[in-house]
Amino acid sequence: MAELSTVARPYAEALFSAARDDKAGLPAWADLIGELAQVAAHPDVREAMSDPRLDDAQRAQLFIGLTKSELPQAVRNFVELLVANDRLLLLPIIAKQFVALKNRHEGTAQAEITSAFELSEAQVKELVDALETKFGLKLNPSVTVDESLIGGVRVAVGDQVLDTSVQAQLARLRDTLAA
């Protein structure tokens with residue numbers, strides 16, 4: 001069976017292609033896709049979309065009716081395509097890939113920063129400035145606290161991870177001593 005991200009990729013790429021050419025702009029499309037992903041991720045919606053008593057048209061209409069925003073026809077068509085191909089529940093993965101494509105197009109990336117302690121705004125800015133120089137991208141930081149790191153930070157930008165936490169250093173030391 002194919003990996004879900006592999007199945008979702010063509011949908012995200014097609015959606016990105018349509019959004020890039022639309023006058024509404026990529027940020028507006030990212031917001032819409034994010035909203036659709038939130039709706040699709042809700043457990044009650046997931047259960048309703050799996051109901052065998054509903055046909056594809058009913059599923060699409062029900063799903064579109066659950067969104068708060070008024071959806072452009074292109075997005076409605078996209079939802080209908082996902083329903084017809086039984087891929088509607090992949091929307092959270094599609095949305096994540098869409099944002100990654102948008103960020104790459106804009107020369108930005110999401111930086112997941114995990115710290116052992118709360119970081120001040122000045123510390124985050126200093127860290128982000130250093131990371132932007134290292135990665136050569138404009139970074140959008142998302143900071144979380146994980147006390148199990150003991151000290152230091154772990155930064156993930158795309159598939160690259162920079163782990164300077166005490167926990168990681170102890171793990172490396174343990175591996176070196178065990179070898």
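Each step along the sequence shown adds one to the number in this note's numbering, with nothing skipped, and position 55 is 55.
C-beta atoms are modelled at their ideal positions from N, C-alpha and C, and glycine is treated no differently.
For S17, the enclosing alpha helix (DSSP H) starts and ends at L4 to R20.
Inter-residue distance for S142 and A19 is about 25 Å (C-alpha atoms, whole angstroms). Taking 8 Å as the cut-off, the beta carbon of L139 is found no closer than this to the beta carbon of V124.
Bridge pairing for Q160: V157 [DSSP].
Per DSSP, T133 is one residue of the alpha helix (DSSP H) stretching across E121 to F135. For L139, the three-state secondary structure derived from DSSP is strand.
Residue state for E112 is assigned as strand, using DSSP reduced to three classes. A111 is classed as buried because its beta carbon has at least 16 other beta carbons within 10 Å across all chains shown.
Taking 8 Å as the cut-off, the Cβ atoms of L32 and V45 do not count as close. Between the alpha carbons of L173 and V166 lies a gap of roughly 10 Å.
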